[in-house]
Structures are given as structure tokens and as C-alpha cells.
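Q:
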Amino acid sequence: MIKINPKEYFPSLQEFENDNVLEENNPIMPEELISRRDFLVRTGFGLSAMMLLSGCSRAPVREAIPFLEQPPEITPGTSLVYASVCPGCSAACGTLVKVRDGRPIKVEGNPDHPVSKGGLCAVGQASLLSLYDRQRLLEPKLDNVKSSWTNIEEKISGVLSKNNSEKEIWFICGEVPSPLEKHWIKKFLTKYDNTHLVCSDSHSTSAIADAYATTHGTAILPRYRFDKAEVIVSFDADFLGTWISPMEFTSGWASRRNPDAPEQFSHHTQFESRLSVTGAKADLRVPLDPFEIEQTIRWIAAKVLAETDGASLPSSNIPKRFEHEIAEVVDRLLHHRGKSLVVCGIQSVELQTLINAINYYLGNEGNTVDLSNRSYQQASDHDPIPQLTKNLSDNKVGAVFFFKANPVHDHPLGDKLSNLLKLSPLTVSFVEREDETSRRCSIEAAIPNSFETWNDSHPVETVAAINQPLLQRLGNTRSLPEILASLLAKEGDNYQQLRNYWKENVYPVAETAFNFENFWNQTVHDGYCSLQPEKDSGRFNAEALHSTSEVRHKKSAENKYYLTLYHKPTMPGSAHSYNPLLHELPDSISKVSWDNYACISPTLAKKLGVRNGSVLRIAKGEKQLSIPAYVLPGQHENVIAIALGYGTEASRRFTDIGPEWIEAKPTTGKNGFVGVNSASLIESRDGHLSYLIGDVSISTTMDTHPLASAQEYHFVDVPEHLVPPSGGRRPVVLDATLDDYQHHPEHLVKHPHMEGDNLWQDDHPYNGHHWALMVDLSLCTGCSGCVAGCHIENNVPVTGKDEVRRNRELSWLRIDRYFSKEPDGKLDIAFQPIMCHHCDHAPCETVCPVLATVHSEEGLNQQVYNRCVGTRYCANNCPYKMRRFNWFNYDQGTERERLLLNPDVTIRSRGIMEKCTFCVQRIEKVKIEAKREKREINDGEIQTACMQSCPSNAIVFGDMNDPDSQVSKMLKNPRRYKLLEELNVKPSVGYLAIIRNRRSNSATRDHHA
Amino acid sequence: MNSRILTIILAISIVFAAIAFLPRLGAMRLQAVDTGYQPEQPIHFSHRLHAGELNVDCLYCHAGAERSRMAGIPAANVCMNCHKFVPATIGAIRAEEKAAGEENRDVQPVVSPEIEKLYRALALDNNLVPDSSMTQQSIRWTQVHTIPDFVYFDHSAHVSKGVQCQTCHGAVETMEVVRQESTLSMGWCVNCHRSANEAGIQGSVVAAPLDCSACHY
């Protein structure tokens, strides 16, 4: 009989490596200046007097002010939902925005959207903060002084009319502009000669477009179909995290990860140099340095071409230690022709050309690589800044326009550019809030937030979407098309402009039987429309392969390292660094919030003698950077990884974001910012921004910069002195190979026998509903969308770095990350979202002295805020460590920022315990609706905020008393298990074990034995 | 010894403070559980006249009660549905007609002083013509029934189950000025839920929740 041993998963590195060297200094609480008893004695009198006097105040007289003329669609107290487009990044996912009493309060994914299919990442969830943000620019500025639009327009047209045709006009977009915006930019620029329009996303994919220009004759970005791919091979492409369209790709990838339909189950190989969330979910993860990755791509391309076409490409060596695995990858690809997908995230035209060849010869074009339905997400032109700086210093530039671009911060030549910008007679930045670039421009044109304007998007060839405004503009702002139209002396507000543009350009190619009026109404209602696909997308030209022989990455010299610059899934660029929620969200892999850091391997850390928080100096040529280290297994030992998008001026404001008290420490570092700007290390080569840099040297310093990690505490684990004889480490994460699961599903989960061990009586039947929540750990990518969604739905405040370091963050939902070692030494990573488990035998309830936490008839563990006196006994008794205490009255922002708060959820004050409620406000809303309509509640009708935001549908909420509900079916799945089931607390939250597409573990174990 | 003196001084000061506040205790009211609270409203609107004599349905004006958490105060345009045609009492209009006939002059528009306030809020003159010299002003009613903090109450859940408005709000159709009749305290809510579960509402069986999370979240 096959025996499957539960693998050991470790929550932190020091346990994983069994090494205390790496242990970080936790903040040490100072000795009390005054004893608790003394304190009570001295304040007792004062308090009693104050309580008596302050209790004698009158209840406030409240006013009720109705509308004078109530719009027919509005009923006070109810919400309206509008379809729109996520402003977070150029992936342009479809959203549904909940508007309550005229103010948007929640953004969710639009389940009907054909591209994003209902998922919305943390960035999209948190994008609403940008609307109410205190630092928004609400008026245009001329030479750093508030000005009027008339003055701004006069200045722009004045300078441009004097501009002779010799001087160049540059228009630089930092993100793919919408079709409407692009239309007006082009219209504006045609008026002048010698113009340059360049669009370059903050995370450029220009090499892919260039590669298609070489192989197919057209510079396009194809739409990758992970939902059709049975075999996925990715080279450093973090497609579940940040690459091109992560929500779309996650939903596609997840559709083929159901182990109960094994014939559909995909195989995913990830070659990568850092540890990404995509690598964490791969069936086979091969950590290689950039040089080895390049060798591997060349080797695989040569093999595939030799097998399919007979053409010969110069082969190369592959790393000896992975020879066997790489050969298997090639076999697998050849066995799945037309059903495989090879992607590469490296900014190198040669390598991307080889990837195109592999996909072409495997027959993937037209199947998993859709060229007729091209993507416009993250589409990027060549890097314009080197040419711009050169022309600026040659005095050849007449005007520079920046639109959502911040090259002074984001570009390696930023410093140079910042000094040269004054040489241009006109510098204009169209911005929502001031940034490094706009501060150096003579005109800062305040544009409205995306929640305030009509706009459109065109994520892929066949889908166009409409962004609709949800409230009146908060300031004196004008959208880019409005400004440009006004400069061209054309009339028309935002709405008319969009309608006219759609009538002329979109409606003719739309797939619709309606007339324009109906088509428009339908599209505004749905949020998107379908367009006809492109007819011709070019043919593969084998000649192009001859140019790919040159080796790009050199082997790094002795004591030199590779540096890879990446974006965190929760911080996709400097444009988001104003957002406190995104800073507070722990990174999916490192679990560090409020900083960026240099990820290094444990081997390198030992070699350098550093631990988490030791400041390293990273140098490439003359450029250098001081940044704290973070030790991360799974990282290749020659590779350092640093996140981009940090160290912005916008993050200065977070210095005192935390509660005000005597021991508060600033959230920002010594430089005054959150994190360090690493953009200076990007290399700009042949018009492409390269995020992989070779020949980097590291030196250590005596400095330390403490990091706030949310994984080094809240262990679901037994302290050493309490370990039962049966062993200490409990199987909190279960996993198995697909092979084992298919043949012996019954061995996967051993459910403990509970008879005779029952501390609690089963005396409370659940006759009506019994709510339950299941998480499929196979599908959870750790993207943290659920955490952000929970924060916003439930008014969970941001606490700041110092509070996170004191283990006092308030997040109701956390995602634990575990490391584990395969028998062959390979690293496995598991993510486990943990929220309140709503135990039927809840240990927290038995210890509450004031009955502030009690059980409901529907299985909810209720927390009654106005009964709670803050003893914190419940938090101590919670085996899942999922209760949060309000140590302070946390700042909910300025008056405008507080408009974001959900009116359906109480704001908790100091001294109150809080925790996940299963979004009881949503349960009650649906229950009341069903009552009103005299019907039963449908399965799936109640969606908790976390469930709604999950792009891979890993989280399912429902009624376990309903035998047909999805949650009941998941509870019968052989993969299901409850966390710490042996405690017999009967949690209502359950998990499905992780299944990886590998051969039987027992076989490999035998082999190694 | 020192602390003892301190205690005495503090005790005395508390007593003095209490005495100083005593006269104000009469005007004290606790939030929500304040039966008899009867604030003056900006317009003297008579529920006795509208809901009692004229028999206007409660839900005609408080339409939110059927589909929302809030019953809502009617918007001014709801008032205008009738008061476009009813500017004053019939007696006042007849009196003016009679007076005009006797004095042999044109009949002047008669607008009762309270309804005039409604017209002014909408920036209309007495002939219901928009007056450009005025701006529209919201009518700032004083809320009578306030729910304590930390509680979510939903009107629609109760109205759809057949609970009469008067069960909680009292016989509003007899009140000239609305006053709070019930305590709106938790015990009062829970008792009603319990008795509804036993006796049903208007003959039909109901399941009124007794869980904390039905109202507190």
C-alpha cells in the first residue's frame, strides 16, 4: 500500500532553515515606567469624576434632510451598482462599482466581463482610495502656483504657436492611453510638425512586440490563452502576479487546475530567477540565473525546431543539475502540440523571437497564442527617454507633454531628465496628483479621477469597454480629451466626446444588431461590448531566426551577481505609492509590508553574514543603492531581486500614518520615503528597458533597517513546551501529487477520530442556514485581492509600519505563506488564506466574561462591539489567531477620505475586539431581500467580499445545510480538511488540499531512499 | 495621609460638580430610548390631518419603508404632488373668494403660512412660478426616531412581513406633532421578536431572528 507522509510546511525561514542566525530582532517592549497598579490608583479618582461629568451630555439633535426632488432611481439607504473599468493598470479589468447615496464605496470585478471574468486584484480593489485621496491635485497649476484653465490654455497655445517646425514636440504616455485619449492626442499632434508620441507602460513589454515585428511583420502583443493551455512553460513571466493581464491569466490558469477533472489538469513549469507567486504555484519550478535561463530557452528552441521542422538552430548548454527536468519539459511540449503555451517575461528581442518560433512550430498560434485577438494591455513602444534627453540637451525640443508618466522617478535617466526639462520652453504634465515629474514641469494640468469621467478601454482586439463617471468632479479638473479639444478650439464635454468617438470608430466594428442609441445604452449598462476580430495578423517568417544567434547575457564574473527588478503584485508601479492600503498589504511571498528590499538567497545571506533588515549596498558601475536585505529561499543564489515603484515623493506623507502615542515610530525610512527607488538600476538598451541586470556587486554595511513582516507571528502552531507526545508540527497545509490523488484519494486526508474527546456538547442544532466557507488551496495564488477587498468592505483601518511590527495590524483576513522541501530538495510554497473560522465549538466564546462573542443560530461567531470590554481573552484562546484588537482609535483619514467608509459596517473604536464576520452585512441584506420577495436564498447569491474578489474562484461561501450548494459539494470532496481538526472546535471554514501535477511522491521517495 | 486628603478633596469636588449640573438634568434625554421626544419641526406638518383625517397611506410619503432600510422623509416634490393644487385650507380660500366678491376685486392667491415654507424651499412664489431671486433650500427636519449606535434596523424586512407602522411608531395618525412612543431599546425589540415568533404576525407564521448579528454588525 502506498503511504503518503504529510509533508512538513514551515511558516518562516528560520524554522525552515532551522537556523537562528537569520532571526530578526523583534521590537523589545521597554520596562514599564509606572506599574499597572500605581497607574490605576492615580487615575481612578480622576476617571470616575470625568465619567460622571461627561455622561451628563444631551443626546444630539439630529437632522433629517430629504431631497427636494428625489431622482427616481435613488432610494436612500440602498446602493446602486454601475459597470465600469478598473483604473489600476492597463489590463483594464471590468468592474462593478457600488454607489451609495451618491458616493462610490466599493469596486468589485464584473463577472460578465469577457476578459477579466470577475476577478479584481488588490490594486483594483484599492483604486477607490485614489478618488478621495487628500493629495489629489484639484486645480491646475502654472509655474507651481494655482491658476485657471484660461491661463493654462493661453500659455500652451502661446508657446506652441511660436514654435517653429524645427523644434520637436514630445508626448509621453506612461500607461497605454484609452482609445479616446489616443484619438485626441493624435488629433492634437497632427496640427504640428515634428511630433513624437510614445506610450511606454511602467512595466514595458516592448520586446515581445519587437519580436513579433521580426517574425510576423507586425509589432503586436498576442492574447495568451491560459484557459486553453494543457502545458504551460514560463520563463520569468509572472503571469499570475503582474505580467500583462494577471486577472485574466489567473482565471484562465485556474480553469485548468481542477484535480477532480484530471484530463483537463494543466502542467505548469516555471523557470525563474526570483521567487514569484507564479513560481510558487508551478508544478515544476526551476530556479535558474538569467544566463542559465537564456541557455535553456536556446536549448529548448533548438530541440523543438529539430523535432518539428528539422531546422537547426545553434544549441547551447543547459545547467547540468536540471538536465533531466528540461528534457522532460521538451518532451511534454512535443506531446501537447497546439495545446501548450510558452511565455517569456524577459525584455530581450532575441529570446522573444525564439519563444515565437517555439510557439509557432508547436502549432500554438491560433490556439493558445491568439494573434487575431491581440492585446493592448501593457503594450509599450520603445523607450523614448534616452532620445528625449539627448534632444533636450541639444536644445531641439520645443515642448514636452507627460500623461500619467513619471519618468523622473521611474526611469534610470530620471535625474538627468529632471535637470534638462527646464531647457524646453513648455513642459506640461497631465496628472491626478503631483509627482516627481510634474513638479519639474511648468504646467501641472489637473485631470479628473477615473471615477469622475467618461472614458473607454480596449484591453484586447475584440473587447471594448466604457468607463462611466460615478460622482460629480471633486475639483476644477479637466480630462485630457477636454483640454486638447479646447486647445483645438473644439466644443464638447467629456460625454459628447466619448459618444461621438464611439459612434464614428467603435460602433462600425462592433458585433451588434442594435442601432447606435441602443448599442450605446446596452454597452454602458453592461460595461463592455464585443468587436470583430482582426482579419490578418501576419505570418511567421523563419528567416527572422537567423538574427538570434548572439548570446545576450554574459555569465557574471566571480563575486558579481545578477539583479532582477520586479513589481510586487500589490504595488505595480510608483503611481500607486500614494495608496496606504497597498503599502500595508503584506507582499504575497515575503509577507513584508511597507518596504521594498533586496531578496537574497539564504546561501548568499550566510556568505555575506547578513540577516533580514541588514542594509546592503548594491552597485552596478557608478550607480548604487542602499537597501535592506530580505532572506528568501527559492531565490537563485546568484540573483538579487528588488521591487520597483518605491521611494516616491508621494510616500513622504506616511511618516506619521500610525496612531499618535509616545512610542510611535515613523513609517518612512531614514530617506523620508517608504522604501527605496530602485529605478536607477534599470538598464535602457537598444530602446528596451531591461529589468535583468548582470555584473552587480554587493557589499554589506553596518546599518539596519527593520522590516515589518506579518508572517513571523500569529503561528498556527504549538509552542515547544506544549508539544503533545504525538509530535509538534501539525499538518496545517496538506498537499499531494495528481498521481497519488487520482489513485488513492482516500489517503490524502486523515481525519482524526473525536469520540470521547468532546469538550463541548453538541446541543445547538442548526435548523435553518449553516454558513460555511471553503478555500481551494490549489487555486489560491496569494494575490491578496481578497485581503484588500475585505479591508474596504469592512472599514478595516491601515495601521502603519510600526503597528505591523508590533503585530497589531487589523486585517481580518491574512494569507499565510508556508515553505516546504520536497524529498529531492526542491522548494514548495503554499498559500493559505485564514479568516475567522466561525467554529461551532468556538473557544473564544467560552472565555468572554461579558458575552460579547456568542454563537448565532446560523453558525456565525458573532462579535458584539458594544458589549466588548476589551479583555482580549478571546484572542488568546483563538487557535487560528484571527482576532484583532483595536489598540487605538485609528485614523480613518480626512473628511473626504472617510466618504469611502461602508455605511453598513460599524467603525470600531479603541478597546474593541474585532474579526471576520463572514460579511454578515451582506448575508443580512440578501436574507431581507429574499424575505421581501418571499423566496428562498439561492446558492451563490451571498458573496463575501473575499469570495467576490478572487480571480481563481478559490473561495466559496454558502449554506452547508443545503445539500446542493457548492460549499456542501466541496465539503464532500476527498481533498477537504479542516485546520487543526483534532482540537474539535468544528470550524465552519474548510480547505481543499493542494494538488500538484507531478508523478507519485511515494515513487520519488522510494527512489531517494 | 496625603492620599486620604486627596480622596476627600476629590469626593467633595464631585459632589459640587453634581450639584452644579443638577438643574440641567431635567433637560437631559438619553439617545434613542427617549419616549415622548417631540421636537418642533421647521414646517408644522400635521400627521393627524394627513394620515388621520385625509387617510393618506403612510407608504405614500414614506415609500422607502417597503424597499430600503430607511423609511425616508419624503422629498419636497412628493409634497408638491398635492400641494401644487392645495395651497391652503378650503375655508381660507372660500373666505378670500367671499371677501374679493364683497370688495369687488380679483381673487388673490391664498397660501397658508406653513405651505408657503414649502414653496420657498423650492424657490417658487405664491403662484408656483420659479422665482429667480431665490435659491432652493433643503428642508431640515428634526429626526424623531433615532436608533442607538451599533444597530442596523431595516424597515423593509418588517413592512414586508406585515408589521404595522403603528406597532413601533404609535398612533401617528392622531398626532398633531409626531412624538416618540416606544423606547426603541433592545429589550423592546427582542420582546416583540419573541412574541411574533410565538403568535405570528396577522395570522402568518414568522421567524423573527433573535441573533445578535441580525442587528449588530
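These protein sequence lines map, in sequence, to chains A and B. Note that the working numbering has the first sequence beginning at 1, numbered continuously upward. Note that the working numbering has the second sequence beginning at 1, numbered continuously upward. We treat Cβ as the ideally placed atom computed from N, Cα and C, and that holds for glycine. Just so it is clear, the structure is predicted and the values come from calculations on it, not from any experiment.
(1) Helix, strand or coil: how does DSSP classify P30 of chain A here?
(2) Which ranges would you report for the beta strand (DSSP E) in the region 780-821 of chain A if only whole runs of at least 3 residues count?
(3) Under 7 Å, Cβ to Cβ, is there at least one residue of chain B near A64 of chain A?
(4) Given V21 of chain A, which residues of its chain have a CB within under 6 Å of its CB, disregarding the five upstream and five downstream residues?
(5) Give a yes or no on whether the C-beta atoms belonging to I994 of chain A and D735 of chain A are separated by under 7 Å.
(6) Does any residue of chain A have a CB that is nearer than 7 Å to the CB of W141 of chain B?
(7) Are the C-beta of S213 of chain B and some C-beta of chain A separated by less than 7 Å?
(8) Taking just the CA atoms, how far does G414 of chain A sit from A399 of chain A?
(9) Taking Y561 of chain A as part of the beta strand (DSSP E), name the residues at either end of that continuous run.
(10) By DSSP, does I682 of chain A sit in helix, in strand, or in coil?
(11) Is V509 of chain A helix, strand or coil by DSSP?
(12) The alpha helix (DSSP H) spanning C696 of chain A covers which residue range?
(13) What are the start and end residues of the beta strand (DSSP E) that includes A95 of chain B?
(14) What is the DSSP secondary structure of G893 of chain A, counted as helix, strand or coil?
(15) With 7 Å set as the bound, which would you pick, yes or no: does the beta-carbon of I928 of chain A sit closer than that to a beta-carbon of chain B?
(16) Could one say the Cβ of K931 of chain A lies closer than 7 Å to chain B's Cβ atoms, at least one of them?
(17) Of all Cβ atoms in chain B, is any one closer than 7 Å to the Cβ of I937 of chain A?
(18) Taking only three categories from DSSP, how would you classify A598 of chain A?
(19) For N110 of chain A and G88 of chain A, which I take to be in contact (beta-carbon distance under 8 Å), what is that distance rounded to the nearest angstrom?
(20) Strictly by DSSP, which residues pair up with W141 of chain B?
(21) If we count Cβ pairs, one from each stretch, closer than 8 Å, do we get three or more for the region 582-600 of chain A versus the region 795-803 of chain A?
(22) Cβ closer than 7 Å: which chain A residues qualify as neighbours of S160 of chain B?
(23) Whole angstroms are fine: how far does the CA of L777 of chain A sit from the CA of L748 of chain A?
(24) Kindly confirm or deny that the region 204-222 of chain A and the region 388-404 of chain A touch, where touching means at least three C-beta pairs closer than 8 Å.
(25) Would you list, in chain order, the members of the region 58-71 of chain B that have their beta-carbon closer than 7 Å to a beta-carbon of chain A?
(26) Quick check on E24 of chain A: does DSSP put it in helix, strand or coil?
(27) At 9 Å on the CB atoms, spell out the chain A contacts of N77 of chain B, in chain order.
(28) Considering only C-alpha positions, which residue in the set B:V206, B:Q202, B:L59 is nearest to H155 of chain B?
(29) Flag G1010 of chain A as yes if its beta-carbon sits less than 7 Å from any beta-carbon of chain B, otherwise no.
(30) Let me know if G174 of chain A comes out buried or exposed under the rule of 16 or more other beta-carbons within 10 Å of its beta-carbon.
(31) For the beta strand (DSSP E) that Q624 of chain A lies in, which residues bound it at each end?
(32) Just mark Q264 of chain A as buried or exposed, buried being the case when its beta carbon has 16 or more other beta carbons within 10 Å.
(33) Can you give the Cα-Cα distance for P74 of chain B and F67 of chain A, rounded to whole angstroms?
(34) Please check the pair A629 of chain A and A605 of chain A, which I expect to be a contact at CB under 8 Å, by giving their CB distance rounded to whole angstroms.
(35) Assign N26 of chain A to one of two classes, buried (16 or more other C-beta atoms within 10 Å of its C-beta) or exposed (fewer than that).
(36) Given a cut-off of 7 Å on the beta-carbon distance, is the pair P1015 of chain A and L625 of chain A in contact?
A: On the basis of the coordinates in this document:
(1) Residue placement at P30 of chain A is flagged as unreliable, the pLDDT there being 48, under the threshold of 50; the coordinate-derived value follows with that caveat. If DSSP states are grouped into helix, strand and coil, P30 of chain A belongs with coil.
(2) 814-821
(3) yes
(4) Legend: pLDDT at V21 of chain A = 40, less than 50; position of this residue unreliable, value from coordinates given subsequently. Closer than 6 Å at the Cβ level, and outside the excluded window around V21 of chain A, lies no residue.
(5) yes
(6) yes
(7) yes
(8) 18 Å
(9) 561-566
(10) coil
(11) helix
(12) In the sequence as displayed, the identity of residue 696 of chain A is Val instead of Cys. V696 of chain A -> not in any alpha helix (DSSP H); beta strand (DSSP E) instead, spanning 692-704.
(13) Where A95 of chain B is concerned, there is no enclosing beta strand (DSSP E), although the alpha helix (DSSP H) it sits in stretches over 90-103.
(14) coil
(15) yes
(16) yes
(17) no
(18) strand
(19) That pair is no contact at about 14 Å.
(20) A:A64
(21) yes
(22) K931, R932
(23) 14 Å
(24) no
(25) G64, R67, S68, R69, M70
(26) With a pLDDT of only 44 at E24 of chain A, under the threshold of 50, the placement of this residue in the model should not be trusted; the figure read from the coordinates follows. E24 of chain A: coil per DSSP, three-state reduction.
(27) F67, L68, E69, Q70
(28) B:L59
(29) A question about residue 1010 of chain A goes unanswered here, because the residues of chain A that appear run from 1 up to 1009.
(30) buried
(31) 623-631
(32) exposed
(33) 8 Å
(34) 7 Å
(35) With a pLDDT of only 44 at N26 of chain A, under the threshold of 50, the placement of this residue in the model should not be trusted, and no figure is reported.
(36) Any question about residue 1015 of chain A goes unanswered here, given that chain A covers just 1 to 1009.
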